[in-house]
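Protein chains in written order, with numbering that gives the first Met the number 0: chain U, 0 to 391; chain A, 0 to 391.
Below: one structure, written as structure tokens.
Number of protein chains: 2
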Amino acid sequence: MNDFNFYSPTEFVFGRGREKECGAYVKKYGGTRVLLHYGGSSAARSGLLGRVKASLDTCGVAYCELGGVQPNPHDSLVYKGIELARKEKVDFILAVGGGSVIDSAKAIAMGVPYEGDFWDFYSGKQPEKALPVATVLTIAAAGSEGSGDSVITKEDGMLKRGAGSDLIRPRFSVMNPELTQTLPAYQTACGATDIMAHVFERYFTNTKEVEITDRLCEAVLLTMIKETPRVIADPDNYEARANIMWAGTVAHTNIVGVGREQDWNSHGIEHELSALYDCAHGAGLAVIMPAWMEYVYKHNVRRFCQMATRVFGQQMDYEKPEETALKGITAFRYFLRSIGMPINFAELGAKEKDIPLLVEKFGLGDGRTGGFVHLSSEDIAAIYKIAAHADL
Amino acid sequence: MNDFNFYSPTEFVFGRGREKECGAYVKKYGGTRVLLHYGGSSAARSGLLGRVKASLDTCGVAYCELGGVQPNPHDSLVYKGIELARKEKVDFILAVGGGSVIDSAKAIAMGVPYEGDFWDFYSGKQPEKALPVATVLTIAAAGSEGSGDSVITKEDGMLKRGAGSDLIRPRFSVMNPELTQTLPAYQTACGATDIMAHVFERYFTNTKEVEITDRLCEAVLLTMIKETPRVIADPDNYEARANIMWAGTVAHTNIVGVGREQDWNSHGIEHELSALYDCAHGAGLAVIMPAWMEYVYKHNVRRFCQMATRVFGQQMDYEKPEETALKGITAFRYFLRSIGMPINFAELGAKEKDIPLLVEKFGLGDGRTGGFVHLSSEDIAAIYKIAAHADL
Chain U
0 MNDFNFYSPT
10 EFVFGRGREK
20 ECGAYVKKYG
30 GTRVLLHYGG
40 SSAARSGLLG
50 RVKASLDTCG
60 VAYCELGGVQ
70 PNPHDSLVYK
80 GIELARKEKV
90 DFILAVGGGS
100 VIDSAKAIAM
110 GVPYEGDFWD
120 FYSGKQPEKA
130 LPVATVLTIA
140 AAGSEGSGDS
150 VITKEDGMLK
160 RGAGSDLIRP
170 RFSVMNPELT
180 QTLPAYQTAC
190 GATDIMAHVF
200 ERYFTNTKEV
210 EITDRLCEAV
220 LLTMIKETPR
230 VIADPDNYEA
240 RANIMWAGTV
250 AHTNIVGVGR
260 EQDWNSHGIE
270 HELSALYDCA
280 HGAGLAVIMP
290 AWMEYVYKHN
300 VRRFCQMATR
310 VFGQQMDYEK
320 PEETALKGIT
330 AFRYFLRSIG
340 MPINFAELGA
350 KEKDIPLLVE
360 KFGLGDGRTG
370 GFVHLSSEDI
380 AAIYKIAAHA
390 DL
Chain A
0 MNDFNFYSPT
10 EFVFGRGREK
20 ECGAYVKKYG
30 GTRVLLHYGG
40 SSAARSGLLG
50 RVKASLDTCG
60 VAYCELGGVQ
70 PNPHDSLVYK
80 GIELARKEKV
90 DFILAVGGGS
100 VIDSAKAIAM
110 GVPYEGDFWD
120 FYSGKQPEKA
130 LPVATVLTIA
140 AAGSEGSGDS
150 VITKEDGMLK
160 RGAGSDLIRP
170 RFSVMNPELT
180 QTLPAYQTAC
190 GATDIMAHVF
200 ERYFTNTKEV
210 EITDRLCEAV
220 LLTMIKETPR
230 VIADPDNYEA
240 RANIMWAGTV
250 AHTNIVGVGR
260 EQDWNSHGIE
270 HELSALYDCA
280 HGAGLAVIMP
290 AWMEYVYKHN
300 VRRFCQMATR
310 VFGQQMDYEK
320 PEETALKGIT
330 AFRYFLRSIG
340 MPINFAELGA
350 KEKDIPLLVE
360 KFGLGDGRTG
370 GFVHLSSEDI
380 AAIYKIAAHA
390 DL
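See the structure below:
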């Protein structure tokens with residue numbers, strides 16, 4: 000096991016109707032003037048925004064608003080948010096929405112007290128200060144409600160890049176599974192795929208003997224495999240929604256990743272798809288993740304056998320371990336298709352002829368990207384190619 | 000799933016030699032004058048205390064010392080610690096040791112800023128303030144390094160009682176698995192049993208459909224079943240020690256317990272044993288926990304079948320589920336015996352004739368204690384009786 004620090008100080012406020020406690024929690028964590036950040040009009044239409052505002056009013060917390068966050072959130076709105084927050088002397092950012100809204104809020108939180116361009120933090124610089132951030136989560140997917148990560152797309156060149164710092168870990172996150180019940184099946188499945196991908200990126204490691212982290216990974220994956228089809232069949236199933244929502248958080252506080260190397264290449268390879276085609280991140284992952292597995296499984300066949308047997312319930316073939324490994328990957332693709340996810344370029348709306356462009360945007364050049372298997376530009380092209388043609 | 004809050008703000012600093020970073024972390028969390036609290040002379044002999052002091056010195060952090068914490072820590076030393084901390088104007092308590100030292104440190108932390116008797120917090124009162132606490136953990140067992148709980152024994156009447164508050168959650172916990180390598184096999188096994196009990200107390204619930212929490216419980220149990228025998232066979236196995244140490248923390252931050260009712264009766268029933276006989280808490284649990292299971296399993300046979308199949312690898316007998324349930328409990332006892340734990344009164348050094356006294360000290364009278372099954376004094380006597388006679 001490698002040495003590590005684990006730090007997840009967010010207070011998770013989980014359950015029915017708990018957005019009504021927002022105001023009290025903002026006060027508890029020192030907020031007096033809030034920037035309320037959200038996406039489209041659904042937050043207003045559903046009454047959620049009204050309940051959040053009423054809670055802030057009741058607790059005497061002032062606020063201004065900035066809506067309009069789009070999926071794969073853009074830098075232009077972040078600049079607008081920074082300007083507004085400075086003008087209104089905001090001391091707390093409250094994100095009401097899914098991962099995109101939260102990621103945008105985190106970018107604003109870092110940008111407000113910083114004299115330079117906030118994009119610096121998405122180019123490798125670490126922030127020294129940030130306004131406190133909190134969330135009211137409406138989509139189970141990104142895990143941003145419990146992480147110190149944020150991903151923003153720069154409109155100039157459609158560059159999708161990440162930032163990470165403990166300073167942008169939410170102070171609290173309100174998680175009411177009821178809020179996710181109106182989410183259409185497709186978006187629900189995209190979220191579930193993203194959650195599973197967050198685990199897989201931590202599961203495939205070269206560090207030996209981290210059984211506890213393996214088992215925690217498998218716990219989340221087994222939960223998702225049980226609960227996701229229940230939600231697709233019955234969107235109003237509160238219990239299944241609740242299990243998925245909490246699993247999504249557990250998947251991304253890093254408790255399923257500590258003590259070892261991780262591999263985030265599938266996320267990186269996918270980011271180029273959603274940046275170029277503006278497809279859902281989860282749908283892109285459904286296409287890329289199994290393709291990546293198929294490309295790298297020979298690097299550690301036993302590890303893929305562990306996934307196949309422990310996670311996907313396959314019988315171990317001790318005479319032909321490679322077949323067991325491949326059966327696990329196939330079972331993953333069957334699962335993804337069963338919940339309505341695409342598994343190849345055509346189903347996603349991506350084009351094989353764009354592969355050279357995707358590889359170029361990935362930006363490796365002659366270098367390699369680290370992880371379970373160190374990948375070159377040629378490797379990444381090969382993974383896109385598998386993803387283009389995958390089928391069952 | 001029930002509504003819940005989950006809050007675990009402790010920074011875990013995990014790995015080889017990391018006690019050398021103590022001073023820096025005390026400073027990071029605002030400490031300037033530390034009470035260094037520890038147990039016997041082994042912390043000094045092993046050089047650990049010297050390394051901790053050197054780290055405090057290097058960082059310019061002042062400290063005073065109070066050693067002498069015994070297993071099942073007593074109130075008398077807590078009073079002494081409170082007096083010393085006040086006299087020395089301490090603003091931070093650093094516990095160097097296992098659960099007993101940490102629990103004692105937490106009691107001192109609550110007592111220093113409180114005008115009344117600290118025992119009030121062990122009689123149901125909630126503290127409003129506490130000095131910050133941090134730990135350098137030397138035994139994987141109690142989970143106190145990541146919990147807001149503390150258990151202290153009042154010498155007058157040998158009453159063992161618990162307190163709980165977010166205020167006494169450690170700010171940071173240094174966890175170096177190397178420090179546990181010198182621990183004798185018996186104490187190591189006691190710790191492992193305690194860790195498993197912390198999970199089981201959360202596993203047996205009447206709340207339905209909390210799959211994610213079930214799976215996380217099973218993840219910790221499966222890890223313990225794999226790693227504990229490795230450590231008993233080879234005490235210097237760093238990897239196994241590391242897995243157990245981190246599993247012990249995961250078992251008790253409450254991440255394996257959220258969203259449902261819990262049942263802490265086995266801990267309560269055991270506490271009377273360790274208070275009366277001064278036996279190790281883990282050894283007492285090895286005797287009590289399976290006896291409790293045997294007494295209550297008919298309340299929910301399917302739940303015990305889940306334990307038997309998912310945790311102890313039993314085949315499900317769909318025609319005779321009760322037999323599967325019992326096989327799981329038997330497998331647990333075999334496991335406990337395999338790691339050198341007692342499974343009945345004689346092996347523990349307890350006496351069947353004391354059962355009426357144990358029941359009286361438990362103090363239920365004509366009432367019942369809640370949980371998976373609500374237990375009366377007669378039920379508790381029956382569980383002690385099963386524990387007295389258990390065998391394989």
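Glycine residues also receive a C-beta, built at the ideal position from the N, C-alpha and C atoms.
Nothing here was measured: the structure is a model prediction, and the numbers come from that model.
Selected residue, minimal CA-CA separation from residue i, among the options
i	options	result
Gly-145(U)	Ala-279(U), Val-25(U), Phe-171(U), Phe-120(U)	Phe-171(U)
Val-358(U)	Thr-329(U), Gly-14(U), Ser-376(U), Val-77(U)	Ser-376(U)
Glu-238(U)	Tyr-202(U), Thr-57(U), Thr-179(U), Cys-189(U)	Thr-179(U)
Tyr-113(U)	Phe-91(U), Gly-142(U), Ile-92(U), Ile-81(U)	Ile-81(U)
Gly-156(U)	Ala-324(U), Ser-75(U), Ala-279(U)	Ser-75(U)
Glu-20(U)	Ser-54(U), Pro-176(U), Ser-45(U)	Ser-54(U)
Met-223(A)	Asp-213(U), Val-219(U), Met-223(U)	Asp-213(U)
Phe-91(A)	Gly-115(A), Ser-40(A), Tyr-24(A), Asp-148(A)	Tyr-24(A)
Gly-123(A)	Ala-108(A), Gly-163(A), Ile-107(A)	Gly-163(A)
Ala-290(U)	Asp-235(U), Phe-199(U), Leu-335(U), Ala-386(U)	Ala-386(U)
Arg-259(U)	Thr-57(A), Phe-13(A), Asp-2(A)	Phe-13(A)
Ile-151(U)	Leu-335(U), Gly-161(U), Gly-142(U)	Gly-161(U)
Thr-9(U)	Tyr-28(U), Met-0(U), Gly-16(U), Asp-2(U)	Tyr-28(U)
Ser-143(A)	Glu-351(A), Val-100(A), Val-111(A), Asp-2(A)	Val-100(A)
Leu-130(A)	Asn-264(A), Ala-104(A), Gly-364(A)	Ala-104(A)
Arg-32(A)	Glu-154(A), Glu-87(A), Gly-115(A), Pro-169(A)	Glu-87(A)
Pro-70(A)	Val-89(A), Asp-365(A), Asp-102(A)	Asp-102(A)
Met-174(A)	Asp-378(A), Asn-205(A), Gly-98(A), Phe-117(A)	Gly-98(A)
8 Å Cβ cutoff, residue i in contact with chain U
i	result
Met-0(A)	yes
Arg-50(A)	no
Glu-210(A)	yes
Gly-339(A)	no
Glu-269(A)	no
Residues sharing a beta bridge with residue i, DSSP
i	result
Met-174(A)	Phe-13(A), Leu-136(A)
Phe-5(A)	Phe-11(U)
Ser-375(U)	Arg-367(U)
Ala-94(A)	His-36(A), Thr-134(A)
Arg-160(A)	Ile-151(A)
Glu-64(U)	Leu-35(U)
Chain A within 8 Å of residue i, Cβ atoms only
i	result
Leu-136(U)	no
Leu-215(U)	yes
Glu-114(U)	no
Ala-241(U)	yes
Glu-322(U)	no
Glu-238(U)	yes
Ala-218(U)	yes
Contact with chain C by residue i, beta-carbon distance below 8 Å
i	result
Ala-246(A)	Among the chains of the structure shown, chain C does not appear; the protein chains present are U and A.
Closer than 7 Å: residue i CB and nearest the ligand NAD heavy atom
i	result
Ala-129(U)	In the structure shown, the ligand NAD is absent, as is every other ligand, since no ligand is present at all.
Handout entry: Near-chain U residues of the region 2-21 of chain A (beta-carbon distance less than 9 Å), N- to C-terminal order
Key = Cβ proximity to chain U below 9 Å picks out Asp-2, Phe-3, Asn-4, Phe-5, Tyr-6, Ser-7, Pro-8, Thr-9, Glu-10, Phe-11, Val-12, Phe-13, Gly-14, Arg-15, Gly-16, Arg-17 from the region 2-21 of chain A.
Handout entry: Contact set between the region 222-234 of chain U and chain A, restricted to residues whose Cβ is under 8 Å from the partner
Key = Residues Thr-222, Lys-225, Glu-226.
Exercise for the section: Return the residues of the region 248-267 of chain A that lie within a Cβ-Cβ distance of less than 8 Å from chain U, sorted by chain order. Expected result: Those residues of the region 248-267 of chain A placed with their C-beta closer than 8 Å to a C-beta in chain U are Val-249, Ile-254, Val-257, Gly-258, ordered along the chain.
Practice task
Please determine if the region 216-234 of chain U and the region 176-195 of chain U are in contact, where contact requires at least 3 C-beta pairs separated by less than 8 Å.
Solution key: Short answer: they touch.
Practice task
Count the CB pairs spanning the region 301-312 of chain A and the region 347-367 of chain A that are closer than 8 Å, and state whether there are at least three.
Solution key: Output reads no: the region 347-367 of chain A does not touch the region 301-312 of chain A.
Exercise for the section: Would you be able to state if there are at least three C-beta pairs under 8 Å between the region 182-190 of chain A and the region 311-322 of chain A? Expected result: As far as the Cβ criterion goes, the region 311-322 of chain A does not touch the region 182-190 of chain A, which means the pair count is below three.
Handout entry: Inter-stretch contact at 8 Å, needing at least 3 Cβ pairs: the region 132-142 of chain A / the region 38-58 of chain A
Key = Counting Cβ pairs under 8 Å, three or more are found: they touch.
Handout entry: At least three beta-carbon pairs within less than 8 Å, the region 244-260 of chain U to the region 193-201 of chain U
Key = Output reads yes: the region 193-201 of chain U touches the region 244-260 of chain U.
Problem - Meets three-Cβ-pair contact criterion under 8 Å: the region 316-331 of chain A and the region 253-273 of chain A - result: Touching, no, given that fewer than three Cβ pairs across the two stretches are closer than 8 Å.
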